[in-house]
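Below is one structure; the comments refer to it alone.
There are 2 protein chains.
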Amino acid sequence: MITIIGFGIKPKHLSLEALEALKRADKIFLETYTNVFPPRFVDEIKQLVGIDNITPLNREALENNLEEFVETVKNQDVVLLVQGDPMFATTHVNIVLECRKRNIPCRVLSGISIYNRILASTGLQPYRFGRIVSIPLLMKGYMPESPYLRIAENIGNDLHTLVLLEAVSHDKFLSISGAIDYLLRMESRFKRNVVTEKRFAIGIARLDYDTEYIKCDRILELRNIDFGPPPHTLILLADSLHFLEAEALVELLGAPAEIKRLIK
Amino acid sequence: MITIIGFGIKPKHLSLEALEALKRADKIFLETYTNVFPPRFVDEIKQLVGIDNITPLNREALENNLEEFVETVKNQDVVLLVQGDPMFATTHVNIVLECRKRNIPCRVLSGISIYNRILASTGLQPYRFGRIVSIPLLMKGYMPESPYLRIAENIGNDLHTLVLLEAVSHDKFLSISGAIDYLLRMESRFKRNVVTEKRFAIGIARLDYDTEYIKCDRILELRNIDFGPPPHTLILLADSLHFLEAEALVELLGAPAEIKRLIK
């Protein structure tokens with residue numbers, strides 16, 4: 485039996501149900517590549533569960549050798565621990581289906597995701613978000629168009645966009661400034677007049693960690709800020725705001741008062 | 485100090501952080517009107533936290549007398565417990581802002597929401613969802629157009645829609661059949677050819693409760709099913725599916741095999 489558990493953004497987000505499953509498990513694996521988090525989280529989890537061993541698992545084991553992994557663990561009570569909500573990564577859907585094919589019991593315990601936490605931090609309303617967009621690390625001229633076009637689609641529908649930025653390791657990640665540069669370059673190519681320097685956005689670094697830093701301002705201002713180590717996340721705001729959203733952005737995040745002009 | 489805590493869909497979803505806050509609290513209120521859940525949840529929460537008293541709180545106290553509520557509790561360590569994720573209801577954003585205005589410390593601990601849990605149950609990908617839509621209880625000819633139009637917008641962008649259906653009490657709620665009837669009536673009025681009888685959808689009743697019932701089929705089939713007591717939720721699928729989504733719907737939910745024709 486495999487239980488895929490999202491521990492949330494930080495270890496204290498673990499649910500009581502997850503804690504029970506972890507205490508009962510024969511073996512605990514920790515997936516270390518779909519997210520980047522502080523190494524001390526591993527010790528915190530060990531302490532909370534009361535165990536000594538957690539085995540790190542990399543992309544190789546879970547993607548290239550999935551069948552082998554599933555076969556190896558099928559006769560044990562195994563937990564695969566993941567940061568955030570496991571279902572944000574298709575890798576984990578794949579594991580569920582692979583188990584189903586082989587009649588190996590598999591269940592998923594959801595974790596608190598970045599989506600839950602940005603709602604709490606920003607006061608933005610879930611009904612005002614369009615599709616979630618992710619931007620991969622941009623390397624050597626690799627410039628995909630779809631993230632820009634999807635954001636443009638959301639803005640065209642007067643919706644906010646949660647933009648997840650790829651982080652491969654603590655020093656190899658797409659920063660908020662890097663993402664903004666990419667978006668402005670796409671803007672100058674497609675000219676949809678949506679991701680402009682004057683648009684309001686929210687830069688979020690290390691959400692829920694001790695060094696969390698969040699800033700709501702115009703894109704032009706955010707681009708010049710060094711947000712520090714990953715993970716970084718960006719929210720592009722819609723053309724209009726609900727009055728409670730505008731008030732929350734000013735009161736909770738110190739957004740410029742002129743953002744209230746967006747109230748519809 | 486007020487801590488607004490989402491306990492998740494069921495009590496065992498409570499996070500370790502939330503449990504600590506609950507154990508420390510001088511007084512615990514339970515918000516009983518933005519969600520409908522089994523009465524036995526109250527006893528389960530009492531048992532998990534190890535307390536005897538939880539005070540139910542209705543709409544009157546939190547919306548009409550919010551200032552009074554905030555003033556009454558400001559000198560205590562108070563928890564306001566809510567099902568799901570508190571930030572899905574604007575009521576709770578309002579409380580955060582009211583506290584901020586009065587310099588009363590207030591924080592929000594996110595809970596696992598229906599959005600997290602439908603990803604785990606269905607295998608659908610978060611990147612394929614458009615904006616979340618809610619349909620209110622339809623009474624005496626009250627037929628708002630916006631839920632239909634927003635779903636049509638999502639489908640136009642080839643995106644799934646999570647449709648939350650209002651439930652006021654255990655016997656006063658919008659059912660899956662009722663929501664489908666409404667959508668088909670709007671379809672015959674606006675003729676966008678989006679919410680048609682042949683479209684695939686997922687009906688979800690009492691997600692994560694012992695009596696959970698989930699069915700993926702064409703709208704016409706779902707309309708004829710009695711899904712039983714609330715809460716009910718509906719997912720309208722996009723025109724196309726990722727192959728992993730189609731496989732998950734067939735394998736996990738027993739969707740008709742012909743749904744695989746939607747794979748893009």
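Sequence lines, in order, name chains A and B.
Heads up: the first sequence is residues 485 to 748, going by the working numbering.
Heads up: the second sequence is residues 485 to 748, going by the working numbering.
From the three backbone atoms N, C-alpha and C, an ideal C-beta is built for every residue, glycine too.
Amino acids of chain A, ordered along the chain, whose beta-carbon sits closer than 8 Å to that of residue i
i: Glu731 of chain B; result: Leu581
i: Ile616 of chain B; result: Pro610, Tyr611, Phe613
Beta-ladder partner(s) of residue i, from DSSP
i: His644 of chain B; result: B:Phe613
i: Ile698 of chain A; result: A:Ile688
i: Thr680 of chain B; result: The partner list for Thr680 of chain B (beta bridge, DSSP) is empty, contrary to what the question assumes.
i: Lys656 of chain B; result: B:Ser653
i: His716 of chain A; result: A:Ala689
i: Lys511 of chain B; result: B:Val562
Identity of the residue in the options nearest residue i by Cα
i: Pro610 of chain B; options: A:Ala573, A:Val566, A:Lys585, A:Ile529; result: A:Ala573
i: Arg586 of chain A; options: A:Val679, A:Lys558, A:Leu564; result: A:Lys558
i: Asn578 of chain B; options: B:Ile596, B:Val554, B:Val652; result: B:Val554
i: Leu667 of chain A; options: A:Glu629, A:Glu650, A:Val592; result: A:Glu629
i: Thr518 of chain A; options: A:Leu746, A:Ala545, A:Ile686; result: A:Ala545
i: Phe613 of chain B; options: B:Pro713, B:Ala509, B:Asn600, B:Thr516; result: B:Asn600
i: Ala502 of chain B; options: B:Thr556, B:Val563, B:Ile535, B:Pro522; result: B:Val563
i: Leu581 of chain A; options: B:Cys583, B:Ile598, B:Thr606, B:Glu582; result: B:Thr606
i: Val533 of chain B; options: B:Ala505, B:Thr556, B:Leu603, B:Glu551; result: B:Ala505
i: Gly496 of chain A; options: A:Met623, A:Gly595, A:Met485; result: Before going on, a small fix: residue 496 of chain A reads as Lys here, not Gly. Nearest C-alpha to Lys496 of chain A: A:Gly595.
i: Arg745 of chain B; options: B:Arg683, B:Phe711, B:Leu718; result: B:Arg683
i: Met571 of chain A; options: A:Lys530, A:Thr645, A:Tyr697, A:Arg591; result: A:Arg591
i: Ala730 of chain A; options: A:Leu608, A:Pro540, A:Arg584; result: A:Leu608
i: Leu747 of chain B; options: B:Met627, B:Ile616, B:Asp642, B:Thr575; result: Reading off the sequence shown, one finds Ile at residue 747 of chain B, where the question assumed Leu. Residue B:Asp642 is the option with its Cα nearest to Ile747 of chain B.
i: Lys511 of chain B; options: B:Ile535, B:Leu721, B:Ile698, B:Glu528; result: B:Ile535
i: Leu704 of chain A; options: A:Ser724, A:Thr680, A:Ala689; result: A:Thr680
i: Phe513 of chain B; options: B:Ile743, B:Arg543, B:Ile660; result: B:Arg543
Closer than 7 Å at the beta carbon, the chain A residues around residue i
i: Thr574 of chain B; result: Gln609, Leu728
i: Ala604 of chain B; result: Met571, Val592, Ser594
i: Val577 of chain B; result: Gly607, Leu728, Ala732
i: Leu532 of chain B; result: Leu500
Where residue i meets chain B, residues with beta-carbon distance less than 7 Å
i: Gly492 of chain A; result: Ser499
i: Ser597 of chain A; result: Asn600
i: Glu637 of chain A; result: Asn641
i: Lys496 of chain A; result: Ser499, Leu500, Glu501
Within chain B, the residues that residue i reaches when beta carbons sit closer than 9 Å
i: Arg543 of chain A; result: Neighbours of Arg543 of chain A on chain B: none; closest Cβ ~17 Å, over 9 Å.
Buried versus exposed, by CB contacts within 10 Å (16 or more), residue i
i: Gln567 of chain B; result: buried
i: Asn677 of chain A; result: exposed
i: Ser597 of chain B; result: buried
i: Gly473 of chain A; result: Here chain A covers residues 485 to 748 and nothing more, so residue 473 of chain A does not appear.
i: Pro620 of chain A; result: exposed
i: Pro714 of chain A; result: buried
i: Lys675 of chain B; result: exposed
i: Asp701 of chain A; result: buried
i: Phe727 of chain A; result: exposed
i: Met623 of chain A; result: exposed
i: Ile639 of chain A; result: buried
i: Pro631 of chain B; result: buried
i: Ala722 of chain B; result: buried
i: Thr487 of chain B; result: buried
i: Lys494 of chain A; result: buried
i: Arg690 of chain B; result: buried
8 Å Cβ cut-off: residues of chain B touching residue i
i: Arg601 of chain A; result: Ser594
Contact set between residue i and chain A, taken where Cβ atoms lie within less than 9 Å
i: Glu735 of chain B; result: Val580, Leu581, Arg584, Lys585
Test: residue i CB closer than 8 Å to a CB of chain D
i: Ile639 of chain A; result: Any reference to chain D falls outside this structure, whose protein chains are A and B.
Subject >> Ordered list of beta strand (DSSP E) runs contained in the segment 541-597 of chain A, each at least 3 residues >> reply: 562-566, 590-593
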